[in-house]
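Encoded as structure tokens, the structure appears first; notes follow it.
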Amino acid sequence: MFDLLETLVKENKKYIKYGNVATYIPALAQVDENQLGVAIVDLRNNNYKEYFAGDYNQVFAIESTSKVITLIMAMMDNSPEYVFKKIGMEPSGFAFNSILNMEINNKPVPSNPFINAGAIVVNSLVKGKDSNERTKRILEFTKKLTNNPDIDVIEDIYLSEKRTGDINRSLAYHMKGCNIVDGDVEDILDSYFRQCSISVTAMDLAKIGSVLANKGICPWSNERLIPMDICTIVKSIMVTCGLYDESGDFAVHIGIPAKSGVGGGILGAVPNKMGIGIFGPALDSMGNSIAGVKMLQQLSKNLDLDIFE
Ligand code: GLN
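This is the structure we're talking about:
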């Protein structure tokens, strides 16, 4: 397996030149785009194993992949029914930061929890009296899901997001005006920007994926962290909405529940088989890791991971 991963990293580096790092958040533009790494937490044959190659241990900003974590928390803190009264669960067909999804049928409801508008609502539904409390809880839960006590907010990414996040600000104020979010908009945005700036590695993402793959039970401790029904909901929405406007293509060609982020991360959860973490900061035009998607396609073929097969 180590050999396979080494080969995948080596062979897929050639796609990096066709992508670009995200530049709309200035601190992300500083990231070296030539990096590529993969990590796997393998649960097959009831035998816990970790495999990795390339820049699997490089720390980067979790960005939209954090939307998986906060969605789980918002459902656990309230209930799935409560969360999906406030937001939808349909693919949007618009860019992840678009306001247009809220204008369809004159219903100002974000179409799903993985576009920015939906994720801002979800952040506001995580229990905590203010941004500090919500962020503290999100960090604590992420540390449990990754078994990594070093998880923290990357300060310069957070400040960069906060300084330049006017589109997110406009989404949040629009939703406040439409009574979709309650409370102090700047405080909600603050914890949203901090959740996006959490530090992870590809191995951390693989660990989170393995908990989802294992129906909510930590494979390294046997502790249940997520109720089973919530895991099912999250994996389903990862299939339909996890890779923005590339989700359909990804489902057809790769068939792995996954969630990407503009920091270059992709988190994959193959039910009962494995968690996968990818890091490749050069992105395609949809905002997904260009070499990472290619690598996942080959991984899926090589290891028979397509859930629709
Ligand atoms: N922090 C980013 C934003 O809000 C996250 C977007 C992403 O990863 N797609 O724009």
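Under our numbering, read the sequence shown as residues 91 to 399, first letter to last.
C-beta atoms are modelled at their ideal positions from N, C-alpha and C, and glycine is treated no differently.
Minimum C-alpha distance to residue i - residue among the options
i	options	result
Lys305	Ile130, Cys321, Ile380	Cys321
Ile244	Ala151, Asp280, Glu230, Ser281	Ala151
Tyr108	Ala117, Asp339, Glu123, Lys157	Glu123
Phe204	Ala143, Glu399, Thr330, Asp374	Thr330
Val66	Val301, Ser337, Gly382	Outside the shown range of the chain, which is 91 to 399, sits residue 66, and nothing can be said about it.
Glu276	Ala262, Thr232, Ile270	Ala262
Val271	Ser214, Asp280, Asn222	Ser214
Ala117	Ile130, Phe283, Gly367	Phe283
Ile257	Phe369, Ser182, Asp240, Leu190	Leu190
Phe174	Thr155, Asn362, Val199	Val199
Leu357	Ile298, Leu94, Ile380, Val216	Ile298
Val158	Ser221, Asp280, Gly332	Gly332
Lys176	Ser201, Ser182, Asn238	Ser201
Val99	Ser154, Val149, Ala381, Thr155	Ala381
Ala112	Asn378, Phe92, Glu399	Asn378
Asn73	Phe398, Ser281, Gly183, Ile323	The chain is shown only over 91 to 399; residue 73 falls outside these bounds and no answer can be derived.
Gly144	Ile115, Val216, Gly367, Val211	Gly367
Ile210	Phe186, Lys226, Glu193	Phe186
Trp153	Glu140, Ile115, Asp220, Arg224	The sequence given here has Glu at residue 153, not Trp. When each option's Cα is compared against that of Glu153, the closest is Ile115.
Gln125	Tyr138, Asp274, Val149	Val149
Asp335	Phe184, Glu180, Gly178, Lys139	Phe184
Gly365	Ala129, Met91, Val121, Glu101	Ala129
Met91	Asn110, Ile241, Phe142	Phe142
Leu95	Phe369, Tyr138, Gly338	Phe369
Thr236	Met192, Thr225, Cys308	Cys308
Thr328	Asp274, Ser156, Lys139, Glu140	Sequence check: residue 328 is Met here, not Thr. For Met328, the nearest C-alpha among the options comes from Ser156.
Trp310	Gly127, Asp319, Glu140, Gln120	Glu140
DSSP state of residue i mapped onto helix, strand, coil
i	result
Ile327	helix
Met163	helix
Gly144	strand
Lys139	strand
Asp256	helix
Ser188	coil
Asp93	helix
Ser201	coil
Gly127	strand
Asn238	coil
Phe398	coil
Asn110	strand
Val243	strand
Ser379	strand
Asp220	coil
Asp132	strand
The stretch 246-264 in contact with the stretch 300-315 per 3-pair CB rule at 8 Å: no
Specify which residues have a beta carbon nearer than 6 Å to any heavy atom of the ligand GLN, listing them in chain order. Glu153, Ser154, Phe186, Asn187, Asn206, Glu251, Asn258, Cys286, Gly351, Val352, Gly377
Taking contact to mean at least 3 C-beta pairs separated by less than 8 Å, is the stretch 161-171 in contact with the stretch 379-389? Output reads no: the stretch 379-389 does not touch the stretch 161-171.
Three or more C-beta pairs below 8 Å linking the stretch 126-139 and the stretch 261-276: no
Would you call the stretch 281-300 and the stretch 226-236 in contact, with 3 or more CB pairs under 8 Å? yes
Would you be able to state if there are at least three C-beta pairs under 8 Å between the stretch 335-350 and the stretch 370-380? yes
As an exercise, report each continuous alpha helix (DSSP H) stretch of at least 4 residues that is fully enclosed by the stretch 326-377, in chain order. Qualifying alpha helix (DSSP H) stretches, in chain order: 337-343.
Touching or not, the stretch 333-344 and the stretch 96-108, by the rule of three or more beta carbon pairs under 8 Å? no
Which runs of the alpha helix (DSSP H) fall wholly inside the stretch 249-310 and span at least 4 residues, in chain order? 256-267, 275-286, 292-303
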